[in-house]
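Asker: In our numbering, the protein residues as written are 15 to 117. Idealized CB from N, CA, C, for every residue including glycine. Keep in mind it's a predicted model, so treat the numbers as computed, not measured.
1) Please confirm whether residue 88 has its beta-carbon closer than 8 Å to some beta-carbon of chain D.
2) Buried or exposed, going by whether 16 or more other CB atoms sit within 10 Å of the CB of residue 61?
3) Report yes or no: do the stretch 55 to 73 and the stretch 28 to 35 share at least 3 C-beta pairs separated by less than 8 Å?
4) Name the one or two DSSP bridge partners that residue 22 has.
5) Are the stretch 99 to 106 and the stretch 77 to 91 touching, with three or more C-beta to C-beta distances below 8 Å?
6) What's the gap between the Cα of residue 114 and the Cα of residue 55?
7) Going by the CB atoms, is the gap between residue 86 and residue 58 shorter than 8 Å?
8) DSSP three-state label for residue 57, please.
9) To the nearest angstrom, how far is it from the Cα of residue 53 to the Cα of residue 110?
10) Can you list, in chain order, the residues of its chain whose CB lies under 6 Å from that of residue 96, leaving out five sequence neighbours each side?
Given below as structure tokens:
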């Protein structure tokens with residue numbers, strides 16, 4: 015996956031409580047290369063469960079306020095695990111976000 019600039023994320027699809035506090039779950043709506051207008055309820059529920067697991071384990075740093083879905087579950091040459099690609103927003107600032115894999 016090439017890196018695209020994240021322009022916007024959706025409103026919250028869920029909120030989860032993790033080791034370091036509350037994390038909003040959302041999806042990336044627009045990058046400089048594409049736009050997503052809809053996320054299925056099944057994908058939203060599965061992604062929320064994956065984010066909740068990461069948050070409760072402490073894998074998300076305390077400054078992560080939102081985790082937004084970029085790609086649905088897949089494998090890649092660099093990461094053979096089936097994973098979600100997500101954008102972890104720090105301190106509610108899209109400019110401080112980082113891309114990460116959530117298993």
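Answerer: Considering the structure as presented:
1) Absent here is chain D; the protein component of the structure consists of one chain.
2) buried
3) yes
4) 44
5) yes
6) 22 Å
7) no
8) helix
9) 24 Å
10) 87, 89
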